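The listed protein sequences correspond, in order, to chains A and B.
Residue numbers for the first sequence follow the numbering used here, so the first one is 14 and each next one is one higher.
Residue numbers for the second sequence follow the numbering used here, so the first one is 274 and each next one is one higher.
A virtual CB, placed ideally from N, CA and C, is assigned to each residue, including glycine.
It should be emphasised that the depicted structure is a prediction, and the values quoted were computed from it without experimental measurement.
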Amino acid sequence: MARKNSPEADFDRRLLLAMGAGGAVFATLVGRLSQLQFFEAEHYRKLADENHIRLVLAPPERGQILDRFGRPLASQRQAGRVSVVPERLDDPEATLLQLSKFIDLPESRVKRVLEEIQTNRIRRASFVPVTVVQELSYEEFARLRVRAVEMDGVDVQMASTRSYPRGRDFAHVLGYVARASADDLTRLAEGRSPDELKTFEELFRHPDIRVGRQGMERFAEDWLRGRPGRRRVVTNAHGRPMQELEQDPTNAAVAGKDLFVTIDAELQRVAIERFEGESGAAVLMDVASGDVLAMVSTPAFDPNSFVNGISGKDYAELRDNPMAPLYPRAHGGVYPPGSTFKMVVATAALEAGVVKTTDTVRCGGSYRFGNRTWHCWKKGGHGTMNMHNGIKHSCDVYFYEIARRTGVSKIAEVAHKFGFGETFVLGMTGGRSGLVPDPAWKLKARGEPWFEGETLNFGIGQGQLGVTPLQLALMTARIAATGAPLKPKLIGFGPPSDEDKMLDAPLDPAIMEIQKAGMYGVTSEPGGTGYRSGDLGLGGPRLAGKTGTAQVRRISAEERAKGIRGGASIARELRDHALFVAYAPTDNPRYAVSVIVEHGEGGSRTAAPVGRDILAAAIKMDSGRTPVYAKRASVTPSTDGKPDGDPV
Amino acid sequence: MSREGFTGYTRGEARTPTARALHFANFGPFGAIARLPWSIILLIVGVGLTGVAMLFSVGWDPVAQAPSPDEADLWRDQITRLGVGFVLMICLALLPLGIWARFAWPAYAVVIVLLVMVDFFGVMGGGAARWLKVGPIILQPSEPAKLAVTMALASYYQRMMPTNGQSPPLLVHGGALLIMLVPAALVFKQPNLSTALALAASGAMIIFFAGIAMRWVAAAIGIGLLSVPAIYTFVLEPYQRERVDTLIAGITGEATNGLGESYQIEQAKIAIGAGGFSGRGYLQGIQSQQEYVPEQQTDFILTIIAEEFGFIGAVGLLAVFAFLFVWSFRVAARNKSWFGRLATIGATSTIAFFAIFNSGMVLGLLPVLGMPLPLISYGGTALITVMACFGLILSAHLHQDEKLSSRGLF
Chain A
14 MARKNSPEAD
24 FDRRLLLAMG
34 AGGAVFATLV
44 GRLSQLQFFE
54 AEHYRKLADE
64 NHIRLVLAPP
74 ERGQILDRFG
84 RPLASQRQAG
94 RVSVVPERLD
104 DPEATLLQLS
114 KFIDLPESRV
124 KRVLEEIQTN
134 RIRRASFVPV
144 TVVQELSYEE
154 FARLRVRAVE
164 MDGVDVQMAS
174 TRSYPRGRDF
184 AHVLGYVARA
194 SADDLTRLAE
204 GRSPDELKTF
214 EELFRHPDIR
224 VGRQGMERFA
234 EDWLRGRPGR
244 RRVVTNAHGR
254 PMQELEQDPT
264 NAAVAGKDLF
274 VTIDAELQRV
284 AIERFEGESG
294 AAVLMDVASG
304 DVLAMVSTPA
314 FDPNSFVNGI
324 SGKDYAELRD
334 NPMAPLYPRA
344 HGGVYPPGST
354 FKMVVATAAL
364 EAGVVKTTDT
374 VRCGGSYRFG
384 NRTWHCWKKG
394 GHGTMNMHNG
404 IKHSCDVYFY
414 EIARRTGVSK
424 IAEVAHKFGF
434 GETFVLGMTG
444 GRSGLVPDPA
454 WKLKARGEPW
464 FEGETLNFGI
474 GQGQLGVTPL
484 QLALMTARIA
494 ATGAPLKPKL
504 IGFGPPSDED
514 KMLDAPLDPA
524 IMEIQKAGMY
534 GVTSEPGGTG
544 YRSGDLGLGG
554 PRLAGKTGTA
564 QVRRISAEER
574 AKGIRGGASI
584 ARELRDHALF
594 VAYAPTDNPR
604 YAVSVIVEHG
614 EGGSRTAAPV
624 GRDILAAAIK
634 MDSGRTPVYA
644 KRASVTPSTD
654 GKPDGDPV
Chain B
274 MSREGFTGYT
284 RGEARTPTAR
294 ALHFANFGPF
304 GAIARLPWSI
314 ILLIVGVGLT
324 GVAMLFSVGW
334 DPVAQAPSPD
344 EADLWRDQIT
354 RLGVGFVLMI
364 CLALLPLGIW
374 ARFAWPAYAV
384 VIVLLVMVDF
394 FGVMGGGAAR
404 WLKVGPIILQ
414 PSEPAKLAVT
424 MALASYYQRM
434 MPTNGQSPPL
444 LVHGGALLIM
454 LVPAALVFKQ
464 PNLSTALALA
474 ASGAMIIFFA
484 GIAMRWVAAA
494 IGIGLLSVPA
504 IYTFVLEPYQ
514 RERVDTLIAG
524 ITGEATNGLG
534 ESYQIEQAKI
544 AIGAGGFSGR
554 GYLQGIQSQQ
564 EYVPEQQTDF
574 ILTIIAEEFG
584 FIGAVGLLAV
594 FAFLFVWSFR
604 VAARNKSWFG
614 RLATIGATST
624 IAFFAIFNSG
634 MVLGLLPVLG
644 MPLPLISYGG
654 TALITVMACF
664 GLILSAHLHQ
674 DEKLSSRGLF
């Protein structure tokens, strides 16, 4: 037996000591376990639930845009979509190569997909699918459906996508949607609470969601978007949805509201075809209601190509095209109105009381003022002209004289009464005000006083004056309605466009009758500049109108001497624009139209037949008849996303 | 391992000379195998298999209700390693202590050389040089160091223990301290703090059990406590300091941001707490199945046990460990040689240190360091080391009466 204080005996004592310490450690661990798993278990169970149950965003269906008779202009369509899940791909490049055997997959697209895969990986979100092709053709979809089963990480499914069934026809009215960019988010974020903003960012990251980038899609974004819902799902630590839970019906997504425009899509089609490839614009409106029934700007682009992101090359092609398909001519194109402006000058002269309709002016082909000579379009002159004949023959000398007598300020004032110089939004983007010049403007913009000679140019719709085809249509409509107030409308049922004013500046009906008579003379009396286009070809009703030619380039004195007055002798882009404004039928006006054919040379020769045919089509198709949304238009529109009065 | 014809003692605990003399189990290798403590071995293998089962659960895909193909390797790898470790453990257990003691110094020397080489030519991995690459073989010398230092210290005391029944003089303990500190410092420099701490802890335990005067023990503890602030400020890397801060915040209940350093420990606590008293059930641990706890297959594997088997499962596992340690201490107490006693103490301390530190860390009581849970965490080298330590303990059990010469050990 070892001695009491031998190392052996000490060893046994220390063993007991160590075991005692170990016991204390064991007790501590068990104590901690009981604290976590017994006393605080409920707390941690709750934290675990919060951890893994997530409310995943359910995207709302975007509202449709329909024409006045319910024809879809922008709608959601189910289309086959192929996407890849980065985390399930061993070799993304090989997979895409394999896919390209079954579907059309351009090099640039492949590059972009690879970049997006990389981004997702960096963001540790490899489970978020990357769209390869948003819209598959039916054949591609059918082919891939069979093949994708064998390809790991490839998903082929039906998805909702924005589609514009009428393509180019409404490009400038509706605009288009696109994946939200950082700029879009900043723009839409304005005035929103941080909570809303978070939902917003999440919403716009969703592959199904697009934001209105241009046109009515942008203007009515809040109306069309709808409200996202939430789905309860179990997610893992990386946010990947693992399993669907029972859903709360109050948390379902609310679809966006449908929007009706006042346009008749069939009339729009006829009008576009009538341009036969020429560039130009036309606006036709209902004289009584102010409904815009056709709004043409041609050439145009296909908005469908923007929905899933247009390639840089395609966009450059559109941007650099000399015919400028991206340019919204009807409401954003500013042109000198030329002779179509003469009714405004005549109205101003009569309002000012400086001429009577019977006062005559002698036209000898030119007008001398100061030390300069202004020419009439008719070389030999028109002879003696009163107001009716001045309009009918579009005599420039007559209008030089009455414009000079009326003065620039009065003409500008009346021009504003007709709506010139004002911007009409009507729910679109890209609208412009044009310019009605006056001395104050000139002093400010040019730092020069107004020269009286400029008033003469103003009198025949040239010079600094700039107007849009939409404004010309409004002018024509107000004349046709004999000066009655007019509220132009493009949105039949949808969000209000508060910026648009009522055109209700008083116009003397007697003076308007004189203008109507003049316009009737243009198209329906022998010798009128538009006489050939006066018959609508409907065996009865005629139209009343006014032709116009807008100088793109001044004809110099030398050229004039050589007999060059334009036409085939100069390059196309320098040729004059042809304009025409008209209303019909003459006895009971229903429709007013404005037409501009760019570089079309003469209003009577190219623009007038187009205007006539559009008016004839509107009358034949009865485009102004009661729209399908008439019953709903009385419902006060609300923008909080409630489906009140969803149109059928 | 035939037990054919075996009629008597199942645990090899035949201690009376008469029984020993007569029974075949006392002769030859078969006899030695038969005398192994099979119930203890069964317990060790059982804990290892629990680890395999938990790795299967980590690799379970709750949506497909099937093993996830990406993670199926986890449990397959582990069961292979467990098999290799088992064979190694049995082989080592059969080695007489004399052989262990004879190889102690050569092993120690080789380990020191390898550690020096790692510090100079080591392969970097995870910000530290821990591996040596010799052709196709990758060595991690800090793992065998745990066993080698234990053997060297035990062998050292076997030689230096006075024959007059007195405790060894202080100088002898100083030498032991040096033997322990050299490899510990080399490992610390890699840096591999957890292994350095394990070496220091098991070395300290051996010196303690070799009979160093209690006043020195008290002095060491005192100095240790006093130097905590200095270590915190001057020795710890910034990321280690952050872990300590997180730990203190977690224990005192201060709000943490739930991200970065505190994320792992927060998620671990949620997993453990959500397990409750009886657990969510095997393969049902949502927190674990959805990959919320990082490093769940390695250092944090205790969380999935606690979530799926609850308080009962976690305490049960800790109790099994406690039982194995108490049994090992008893082996030490019964061994007749100082080498056997102290080697057993060292091996047990190494395993216990990892078990305690790992549990404490997962439960948020100790700072997060790379500490696997012995026998259970995924990983080959740690498992082999632990099995080898058990092999040494089993050998000390099997050869408890072996007389060791103090000569020839230097």
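| Item | Value |
| --- | --- |
| Nearest neighbour of R491(A), chosen from S352(A), N470(A) and L520(A) [CA to CA] | L520(A) |
| DSSP-derived helix/strand/coil call for Q564(A) | coil |
| Residues of its chain near L30(A), where Cβ-Cβ distance is below 7 angstroms and the 5 sequence neighbours each way are ignored | none |
| Whole-angstrom distance between G304(B) and A292(B), CA atom to CA atom | With a pLDDT of 49 at A292(B), under the threshold of 50, the modelled position of that residue is not reliable, and no figure is offered here. |
| Secondary structure of S379(A), DSSP reduced to three states | strand |
| Neighbourhood of E675(B) by C-beta distance below 8 angstroms, restricted to the same chain and skipping five residues each side | P369, L370, G371, K609, S610 and G613 |
| Helix, strand or coil at A457(B) according to DSSP, with G and I counted as helix | helix |
| As assigned by DSSP and simplified to three states, the class of D25(A) | helix |
| Buried/exposed call for S121(A), threshold 16 Cβ in 10 Å | exposed |
| For D240(A), three-class secondary structure by DSSP | Note on residue identity: the sequence assigns Arg, not Asp, to residue 240(A). It is a strand residue. |
| Coarse secondary structure for G447(B), derived from DSSP in three states | helix |
| Residue-chain proximity (R58(A), chain B), Cβ-Cβ < 8 angstroms | yes |
| Y177(A) vs N317(A) beta-carbon contact at 8 angstroms | yes |
| Sufficient close CB pairs (3 or more, under 8 angstroms) joining the stretch 623–640 of chain B to the stretch 463–471 of chain B | yes |
| C-beta atoms of V305(A) and K514(A) nearer than 8 angstroms | no |
| Alpha-carbon spacing of A22(A) relative to A34(A), whole angstroms | 19 angstroms |
| Span of the alpha helix (DSSP H), counted from its first residue to its last, around A427(B) | S415 to M433 |
| Ranges of the beta strand (DSSP E) found wholly within the stretch 490–523 of chain A, counting only runs of at least 3 | 504–506 |
| Under 7 angstroms by beta carbon: chain A residues contacting I559(B) | A61 and H65 |
| Test: L591(B) CB closer than 8 angstroms to a CB of chain A | yes |
| Any alpha helix (DSSP H) of 4 or more consecutive residues that is wholly inside the stretch 569–635 of chain B | 574–607 and 611–635 |
| Those residues which DSSP pairs with Y348(A) across a bridge | V480(A) |
| D261(A) to V246(A) span [Cα, whole Å] | 11 angstroms |
| Any C-beta of chain A under 8 angstroms from that of Q673(B) | no |
| Delimiting residues of the beta strand (DSSP E) encompassing Y381(B) | Note, Y381(B): premise wrong, no beta strand (DSSP E); alpha helix (DSSP H) at L370 to F394. |
| Contact check, V480(A) vs I415(A), beta carbons under 8 angstroms | no |
| For A449(B), the nearest candidate out of G438(B), L466(B) and Y381(B) (CA to CA) | Y381(B) |
| Neighbour list for A34(A) in chain B, Cβ cutoff strictly below 9 angstroms | Simply none; closest approach about 10 angstroms. |
| Beta carbon of Y651(B) nearer than 8 angstroms to that of Q570(B) | yes |
| Cross-chain neighbours of K542(B) in chain A, by beta carbon under 8 angstroms | L49 and Y57 |
| Residue interval of the alpha helix (DSSP H) (run including P207(A)) | P207 to R218 |
| DSSP three-state assignment for H670(B), whether helix, strand or coil | helix |
| Beta carbon of G558(A) nearer than 8 angstroms to that of A486(A) | no |
| Own chain, CB closer than 7 angstroms to E586(A), minus 5 neighbours either side, in chain order | H612 |
| Residues sharing a beta bridge with Q48(A), DSSP | For Q48(A), which the question treats as bridged, DSSP gives no partner whatsoever. |
| Reduced DSSP secondary structure (H/G/I, E/B, other) of F273(A) | strand |
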